[in-house]
Amino acid sequence: MIYLDNSATTRVCAEAVERMAMCMREGYFNPSALYGPSLEVKEEMRAIREKIARIVRCGGGRTIFVSGGTEADNLAVLGLTASFREGRILYSAGEHPAVKEACRAVKGLAAEEIPYDSRGMADLERLEKMLDEDVRLIAVMQVNNESGAIQPLREIGEMKERLCPRAFFHVDGVQGFLRVPADMKAWHADSYALSAHKIRGPKGCGALVVSPGARLAPRMLGGGQEGALRSGTENTPGILGMGAAIDAWPGAEGLREMKEALYRGLKEQVPSLQVNGPDPMSEESAPHILNVSLEPVRSETMLHALEGCGILIGIGSACASNKQRVSEGLRAMGISRPRAESALRFSLGPDNRIEEMAETVRRVREQYDFLSPYTRR
């Protein structure tokens, strides 16, 4: 089997599995207890917090352990805006539902969408016209989960500082963490969300990094864990597994090499291929995501045809694939409905190999030649 849907989830790496098993067998103690073994677990958690904050360059910031990217995004959006009774929230057109729906749910604040350009990037010129002192929160993802577009966060942060310095800035880093550089300080970002299962860690674990000056209200009340910002006994096996996955991450260099080989092969074999997002060979495109349309073959038809060949791919956000046929993110880029309905997402991970790209190209060409004569009516 060739697995090319790593943006949906990744296989847990051996190091994370072993660390989690050890935690459940030997380090099962509640980190809130006061005896020695519990303090050892708490200390290991502290080291992971600091490691994550260093990676995203948030000096003096807090790392709050949560259940995953959705909770991290909800805690950021709802927690940062809890004290406001009026104003505006801005979110980019391709945001994950965890951000988009949270922004729309904040009472008293008007939620407005930051338009995308044709590459799937936040339109900076139009965003500048939207910014004023009424803006309370700006939410822009680091990497679009469908197109792989790396958003211009530095420019957005600088624009925010100039036009609405009191506004908070949240970054959903679920598709970016470890795969592209993160720098909360340079972005003037107040919060950053990440999820363990996107980086070969376990499902059910993630983190929200919050800058020192950000005022965050809790969304879960109880025993006061996580600095009273996320009550509930910590998921120590998941947290330690996430830490092991971070330590075992091999880097993103091989991902870009494989993605570029895949793109070149597909373009050579199917010249009519259309890219949905930035130029895959450019620095604006994440190293692990390639989104293309192969009209007139519908996405689901090609997905199942490739599955029959032992190749698993995606056709958009796994969290929304059963709810909508046409991606809001692709539609925001001005992509036509037929083209969007033919969109395929190939997303790579460290477990993939360069030779798998050639086999994928061969199978896509084979299935495309067979299916393309059967055009939609």
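Residue numbering for the sequence shown follows the working numbering, beginning at 5 and increasing consecutively. In this text, a Cβ means the ideal position worked out from N, Cα and C, and glycines have one as well.
Who are the Cβ neighbours of L128 in its own chain at under 8 Å, not counting the five residues just before and after it? P156, E159, I160, M163
Buried or exposed: Y32, going by 16 or more other Cβ atoms within 10 Å of its Cβ? exposed
Which same chain residues, not among the five before or five after L245, have their C-beta less than 8 Å away from its C-beta? Per the sequence presented here, residue 245 reads as Gly, with Leu not at that position. Excluding positions up to five away in sequence, the list reads V16, A20, V21, R23, M24, C27, A200, G205, P206, C209.
Bounding residues of the beta strand (DSSP E) (the contiguous stretch that carries D283): That residue, D283, is in no beta strand (DSSP E); it is neither H nor E in DSSP.
By the 10 Å Cβ neighbour count, where 16 or more other Cβ atoms means buried, how is I358 classified, buried or exposed? exposed
Can you pull the DSSP bridge partners for Y196? V175, V213
One question on the structure: do E150 and L266 come within less than 8 Å of each other, judged by their Cβ atoms? no
8 Å Cβ cutoff met for L8 and S351: yes
Distance, Cα to Cα, A51 vs R234? 19 Å
Among the candidates I243, I59, S215, whose CA atom is the shortest distance from the CA of A193? S215
Count the other CB atoms within 10 Å of the CB of G242; is the residue buried (16 or more) or exposed (fewer)? buried
What residue range does the beta strand (DSSP E) around Y372 cover? Here Y372 belongs to no beta strand (DSSP E); instead the alpha helix (DSSP H) covers 358-375.
Exposed or buried, which one is A153 when buried takes at least 16 other CB atoms within 10 Å? buried
Can you give the Cα-Cα distance for L94 and C107, rounded to whole angstroms? 8 Å
Return the CA-CA distance between Q273 and R369, expressed in angstroms with no decimal places. 6 Å
Taking contact to mean at least 3 C-beta pairs separated by less than 8 Å, is the region 219-230 in contact with the region 48-62? no
Could you have a look at L38 and say whether DSSP puts it in helix, strand or coil? coil
Mapping the DSSP letters down to three states, classify A143 as helix, strand or coil. strand
Leaving out five residues before and five after N10 in sequence, what residues of the same chain have Cβ atoms less than 7 Å from its Cβ? H292, S351, L352, G353
By the three-class DSSP mapping on this structure, what secondary structure does I154 have? strand
When burial is assigned at 16 or more other CB atoms within 10 Å of the CB, is T240 buried or exposed? buried
C-alpha gap between G236 and L212, whole angstroms: 16 Å
Mind checking who V70 pairs with in its DSSP beta bridge? G210
For the candidate residues A248, F374, E264, whose alpha-carbon lies nearest to that of V301? F374
Which partner residues does D9 have in the DSSP bridge list? S351
Taking 8 Å as the threshold (beta carbon to beta carbon), is R366 in contact with chain D? The chain labelled as chain D is not found in the depicted structure, where only one protein chain is given.
Where the beta strand (DSSP E) through I118 begins and ends: 113-118
Give the single residue among E332, G318, P169 whose Cα lies nearest to the Cα of L348. G318
Cβ neighbours of C168 in the same chain (closer than 7 Å, five flanking residues each side left out): L135, D136, E137, V139
Please state whether DSSP places L294 in a helix, a strand or coil. strand
With DSSP as the reference, label S96 as helix, strand or coil. strand
Name the one or two DSSP bridge partners that G318 has. R349
Supposed contact pair L316 and M5 - C-beta distance, whole angstroms, cut 8 Å: 7 Å
By how many angstroms is the C-alpha of A290 removed from the C-alpha of F69? 26 Å
In the DSSP assignment, find the unbroken alpha helix (DSSP H) run with A344 in it and report its ends. 341-344
Is it the case that the Cβ atoms of D77 and V103 are separated by a distance below 8 Å? yes
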